[in-house]
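The next block holds one structure in the form of structure tokens; read it before the comments.
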Amino acid sequence: MLRSVTLPFVGDVQRGRFVNRENRFTAHIKLDDGGQTVACHCINPGRMEAFVEAGAVVWARRVPAAEREKRKTEWTWELIERDGVVCSTNTQRPNALMAAVLEAGVLAGFRGATAVVAEKTIPGENEKTKSRCDFFCVDDDGFDHWIEVKNCHSSYPDEPLLRSYGYFPDSVSERAARHCRELAKLAAKPNTRCTVVIVASRADATKGIRPSDYHDPGFAAAARAARDAGVAFRGLRATNSPTGGTTVENEIAVDLGPPPPEALGAMHRAWKRASAITGWDRTFGADAPKRVANGPFAHNKKRDGCFDAAAPEANASGHFRAPETFSTHFADSDATTPPKKKRPRRKAPTTPKS
Numbered sequence: 001m002l003r004s005v006t007l008p009f010v011g012d013v014q015r016g017r018f019v020n021r022e023n024r025f026t027a028h029i030k031l032d033d034g035g036q037t038v039a040c041h042c043i044n045p046g047r048m049e050a051f052v053e054a055g056a057v058v059w060a061r062r063v064p065a066a067e068r069e070k071r072k073t074e075w076t077w078e079l080i081e082r083d084g085v086v087c088s089t090n091t092q093r094p095n096a097l098m099a100a101v102l103e104a105g106v107l108a109g110f111r112g113a114t115a116v117v118a119e120k121t122i123p124g125e126n127e128k129t130k131s132r133c134d135f136f137c138v139d140d141d142g143f144d145h146w147i148e149v150k151n152c153h154s155s156y157p158d159e160p161l162l163r164s165y166g167y168f169p170d171s172v173s174e175r176a177a178r179h180c181r182e183l184a185k186l187a188a189k190p191n192t193r194c195t196v197v198i199v200a201s202r203a204d205a206t207k208g209i210r211p212s213d214y215h216d217p218g219f220a221a222a223a224r225a226a227r228d229a230g231v232a233f234r235g236l237r238a239t240n241s242p243t244g245g246t247t248v249e250n251e252i253a254v255d256l257g258p259p260p261p262e263a264l265g266a267m268h269r270a271w272k273r274a275s276a277i278t279g280w281d282r283t284f285g286a287d288a289p290k291r292v293a294n295g296p297f298a299h300n301k302k303r304d305g306c307f308d309a310a311a312p313e314a315n316a317s318g319h320f321r322a323p324e325t326f327s328t329h330f331a332d333s334d335a336t337t338p339p340k341k342k343r344p345r346r347k348a349p350t351t352p353k354s
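Using UniProt numbering, the letters of the sequence shown map in sequence onto residues 1 to 354.
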């Protein structure tokens with residue numbers, strides 16, 4: 001990169017303490033100023049491994065009044081202090097960062113980008129589906145360039161084999177794997193480039209980013225196949241400050257090599273340590289409240305280094321299934337199976353006029 005790029009926060013950012021994650025999209029935070037507990041939008045549908053520790057220092061942003069009309073909450077959970085690092089909890093932030101990087105023209109390979117369009121529709125995996133790519137632009141040599149952006153927030157400083165790398169994703173994401181497959185098909189077209197940009201939203205990912213074969217071997221395989229098909233993978237490292245915003249500091253490597261068994265074992269140990277501060281509290285059902293989305297992954301059962309007979313199987317969540325039974329929670333709304341047509345209501349017979 002030629003220089004760093006900073007994206008400030010829009011709205012008042014306040015420090016507080018994490019209380020709980022009530023469901024996938026709502027977190028409660030007790031603000032330091034006045035001690036009020038507020039409901040915050042959690043813009044992260046995944047497990048948020050090790051990020052939901054009660055009492056953790058966090059920051060929430062009060063959304064400006066003009067943006068509140070279509071929202072259920074006035075606040076958005078933006079940051080958390082974890083492992084001595086201020087990390088982003090907003091998975092939409094990397095897209096805004098990439099837009100700023102494209103506008104600034106500071107990243108090699110994108111400096112001549114023109115006709116930038118966000119959320120451009122691309123063909124799906126079959127003729128009946130379609131998807132959206134985060135960005136489309138035209139390079140200075142006239143090539144079409146499709147760019148998909150991913151957020152990486154997981155790091156494991158307590159494990160020497162994993163330290164200083166960011167890992168993506170922290171749960172099964174068929175959507176991310178599907179995007180890799182779609183870009184692989186696009187990359188085969190003439191005068192076309194495709195790039196996956198993974199933003200490490202924490203400063204300690206200094207060595208690079210890796211796909212997490214432990215959390216989602218389906219995505220890892222799709223990423224490697226996409227690379228072989230000509231899709232480029234780029235990594236960016238971002239730092240966060242409640243007052244200074246988010247800054248893209250530099251480009252880092254993306255290592256798509258398969259992990260050795262001992263690395264999977266290290267990640268399994270880290271998962272076990274973090275299971276109590278992962279997931280969310282389900283607020284419906286006879287057993288509510290119950291912590292879910294923090295149990296073992298079905299695809300790791302009896303997998304070398306990834307299986308522990310003493311693991312809390314009872315807490316496994318159906319939201320995150322084995323690759324062959326992916327959840328539709330992470331599919332685009334326009335790419336899911338259309339709903340069945342409702343049977344027309346039978347009309348009551350009318351009495352003929354005399």
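All C-beta atoms in this analysis are idealised placements derived from N, C-alpha and C, irrespective of residue type, glycine included.
Quick check: the Cα distance between Ile29 and Leu2, rounded to an integer number of angstroms? 38 Å
Within a Cβ cutoff of 6 Å, which residues of the same chain sit near Asp100, ignoring the five residues on either side of it in sequence? Here the sequence assigns Ala to residue 100, which means Asp is not the residue at that position. Answer for Ala100: Val5, Leu7, listed in chain order.
If distances are taken between C-alpha atoms only, which option among Gly84, Arg303, Arg282 comes closest to Arg47? Per the C-alpha coordinates, the member of Gly84, Arg303, Arg282 positioned closest to Arg47 is Arg282.
Using C-beta distances below 6 Å, list every residue in its chain close to Ala229, excluding the 5 sequence neighbours before and after it, in chain order. Ala184, Ala187
Helix, strand or coil, according to DSSP, for Ile43 in the structure here? coil
Indicate the three-state DSSP secondary structure (helix, strand or coil) for Glu159 in the structure shown. Three-state result, Glu159: coil.
His215, enclosing alpha helix (DSSP H) - first and last residue: Secondary structure note for His215: it is in no alpha helix (DSSP H), with a DSSP letter that is neither H nor E.
Pro94 vs Ala274 beta-carbon contact at 9 Å: Result no, Cβ atoms of Pro94 and Ala274 do not sit closer than 9 Å.
Assuming Gly112 contacts Arg61 under a Cβ cut-off of 8 Å, what Cβ separation, rounded to an integer in Å, is found between them? Not a contact, Cβ separation roughly 34 Å.
For Leu79, the first and last residue of its enclosing beta strand (DSSP E): 75-82
For the alpha helix (DSSP H) containing Ala175, name the first residue and the last one. Note on residue identity: the sequence assigns Arg, not Ala, to residue 175. Run containing Arg175: 174-187, per the alpha helix (DSSP H) assignment.
Are the stretch 249-267 and the stretch 32-40 touching by the rule of at least three beta carbon pairs closer than 8 Å? no
With a CB to CB cut of under 7 Å and the five nearest residues on each side skipped, what residues in its chain are close to Glu125? Arg178, Arg181, Glu182
Contact check, Gly279 vs Arg21, beta carbons under 9 Å: Closer than 9 Å, so yes.
Quick check on Leu2: does DSSP put it in helix, strand or coil? DSSP places Leu2 in coil when its eight states are reduced to three.
Grab the span of the alpha helix (DSSP H) containing Val101 for me, first residue to last. 93-104
Alpha helix (DSSP H) containing Arg273: first to last residue? 261-274
May I ask you to report which of helix, strand or coil DSSP gives Asp144? strand
Between the alpha carbons of Gly218 and Gln36, how many angstroms are there, rounded? A direct Cα-to-Cα measurement between Gly218 and Gln36 gives close to 42 Å.
Have a look at Arg234 and Ile80 and give me their C-alpha separation to the nearest angstrom. Cα-Cα distance, rounded: 25 Å.
C-alpha distance - Val292 paired with Val85, whole-angstrom precision: 26 Å
Apart from the five residues on each side of it in sequence, which residues of its chain come closer than 8 Å, Cβ to Cβ, to Arg173? Before going on, a small fix: residue 173 reads as Ser here, not Arg. For Ser173, where only same-chain residues beyond five positions count, the Cβ hits under 8 Å are Gly46, Asp216, Phe219, Phe330.
Nearest to Cys87 by alpha carbon, out of Ala96, Val57, Arg175? Selected option, being the one with the closest Cα: Val57.
Give the secondary structure of Glu119 by DSSP, where H, G and I count as helix, E and B as strand, and everything else as coil. strand
Roughly how many angstroms lie between the CA atoms of Asn315 and Val231, to the nearest whole one? Residue placement at Asn315 is flagged as unreliable, the pLDDT there being 43, under the threshold of 50; a coordinate-derived value is accordingly withheld.
Can you give me the Cβ contacts of Arg68 inside the same chain, cut-off strictly under 8 Å, excluding the 5 residues immediately before and after it? Glu74
Measuring alpha carbon to alpha carbon, tell me which of Arg227, Arg202, Cys137 ends up nearest Glu103. Cys137
Straight-line Cα distance separating Tyr165 from Asp204: 8 Å
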